[in-house]
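Numbering (my numbering), first residue to last: 1 to 71. Heads up, the beta-carbon is just placed ideally off N, CA and C, and yes, glycines get one too. Values in this document were obtained by computation on a predicted structure and should not be read as measured data.
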């Protein structure tokens, strides 16, 4: 189940909540009771693993030397 990060615009209270995709977003602050809560979005880290992500992957030494000798 995904975890969402929320922040109250009224009092600044930060909290996280595990919710199903079908659950409605939280709008009322559990601390001050105001309807000023919004989801906080942040960048998701990406990690590349395996072959094919780097310029040197799969390049043989003969192909790189032949391209420089043709100039």
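The DSSP-derived three-state label of residue 24 is coil.
Residue burial annotation: residue 11 is exposed, with fewer than 16 other C-beta atoms found within 10 angstroms of its C-beta. Shown here for residue 15: same chain residues with a beta carbon closer than 6 angstroms to its own, the five before and five after excluded, namely 6 in chain order. Apart from the 5 residues on each side of it in sequence, residue 20 sits with its Cβ closer than 7 angstroms to the Cβ of 1 in its chain, given in chain order. Counting of Cβ neighbours within 10 angstroms places residue 29 among the buried residues, the total reaching 16 or more.
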